[in-house]
Amino acid sequence: MLPHKTLFPGVIELNFQAGEVLGCNVYLVHDQGEWTLIDIGYEETVDEFIELIRQLDFPLSKCKTLIATHADVDHIQGLAKAKQMLRTSVTSHPLAVEALQTGDKLTTFAEIKAQNIHLDMPPVEIEHQVNDGDTIRIGNLELEVWHTPGHTDSQLAFRLGDVLFSGDNIYRDGCVGAIDAHHGSNINDFIKSLERIRDSDVVWLMPSHGPFFRKDEKMLNATIDRLRGYLKMADFGTLANEWPLMDQWENEVADGTLPDGVGIENA
Numbered sequence: 001m002l003p004h005k006t007l008f009p010g011v012i013e014l015n016f017q018a019g020e021v022l023g024c025n026v027y028l029v030h031d032q033g034e035w036t037l038i039d040i041g042y043e044e045t046v047d048e049f050i051e052l053i054r055q056l057d058f059p060l061s062k063c064k065t066l067i068a069t070h071a072d073v074d075h076i077q078g079l080a081k082a083k084q085m086l087r088t089s090v091t092s093h094p095l096a097v098e099a100l101q102t103g104d105k106l107t108t109f110a111e112i113k114a115q116n117i118h119l120d121m122p123p124v125e126i127e128h129q130v131n132d133g134d135t136i137r138i139g140n141l142e143l144e145v146w147h148t149p150g151h152t153d154s155q156l157a158f159r160l161g162d163v164l165f166s167g168d169n170i171y172r173d174g175c176v177g178a179i180d181a182h183h184g185s186n187i188n189d190f191i192k193s194l195e196r197i198r199d200s201d202v203v204w205l206m207p208s209h210g211p212f213f214r215k216d217e218k219m220l221n222a223t224i225d226r227l228r229g230y231l232k233m234a235d236f237g238t239l240a241n242e243w244p245l246m247d248q249w250e251n252e253v254a255d256g257t258l259p260d261g262v263g264i265e266n267a
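This is how it looks when you write it as structure tokens:
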């Protein structure tokens, strides 16, 4: 049996356990012989993760469920394969069910033609749907479900004591999960989700990508302020609430205002 690289009681991150980054962060939460995975990553790494779980001496038959934080291909492409190997169930937010069960390549970012991304997205049946405030029991541990939309409409986070498995909400460098209209992103919702994380009494954030870190209110404030700025930036197209420059332009057109150095020649 491999020694467990336990981060917190009942918590192992499989990339850290393996000593190499195989994809998105995959958290194994366990207690009383029962265990679950938060995300699974790409299909091509499922065999490695399951073999690692076996070497950690977790009985494969004791996997309670596989949890999808949201319906992004880099988090859930391997769900169908892992579910079949482990003979277990899959849990997600209701808003992720359609994309997961139909294998929707566009919503999951499996298909981005402009970037020459063409990935398989095997459909998978969802047995359990969870909403904000629900709990998922693993042995004597309870994961409190947080619905934290913004990156996607189905984004979930899970609280375990003073630890929050925070999904793609926030990373250690202050970056956030991709914001894209075709992906179900919503900047106003994103801000509310980040404010919820900031205002909570959780101490540790366990993101879906990158290193784990202590919650930093100053960094979260800076990120929230940056996202508030996006609400008035053309960079984010239909996700922005407004574009103040267009209001200025309307006034300048109406007033005939030009910048210094530019004059009108009437023909």
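Using UniProt numbering, the letters of the sequence shown correspond one by one to residues 1 to 267.
Cβ coordinates follow ideal geometry from the N, Cα and C atoms, glycine included.
Beta-bridge pairing of residue i - partner residues as DSSP gives them
i    : result
W35  : H30 and C63
R214 : W204
F236 : DSSP lists no partner for F236.
V11  : F8 and V29
Collapsed DSSP secondary structure at residue i in the structure displayed
i           : result
residue 268 : Residue 268 lies beyond the range of the chain shown here (1 to 267); nothing can be said about it.
F49         : helix
F58         : coil
residue 269 : What is shown of the chain runs 1 to 267, which leaves residue 269 out entirely.
A267        : With a pLDDT of only 45 at A267, under 50, the local geometry of the prediction cannot be trusted, and the value read off the model is given with reservation. Here A267 sits in coil by DSSP.
Y171        : coil
H182        : helix
N188        : helix
D199        : helix
G229        : helix
D260        : coil
N251        : helix
E242        : coil
residue 268 : This structure leaves residue 268 out entirely; the chain is present only between 1 and 267.
M1          : coil
Closest by C-alpha distance to residue i, when choosing among the options
i    : options                 : result
V29  : T102, R137 and L95      : R137
I76  : S154, G133, P3 and H4   : S154
E48  : G78, T65 and T36        : G78
A18  : G10, R54 and I126       : R54
L239 : L245, R198 and Y230     : Y230
V97  : F58, T108 and D57       : T108
V73  : Q32, P9 and D120        : D120
Q59  : E44, W35, G150 and G177 : One point to set straight first is that residue 59 is Pro, not Gln, in the sequence displayed. Nearest option by C-alpha distance: W35.
E43  : V26, Q32 and G33        : V26
Continuous alpha helix (DSSP H) assignments of at least 4 residues falling wholly in the stretch 89 to 166: 94 to 102
message: Taking 8 Å as the cut-off, does the stretch 84 to 103 touch the stretch 123 to 137 (at least 3 CB pairs, one atom from each stretch)?
response: yes
With a threshold of 8 Å, are at least 3 pairs of Cβ atoms found where one atom belongs to the stretch 76 to 86 and the other to the stretch 220 to 236?
no
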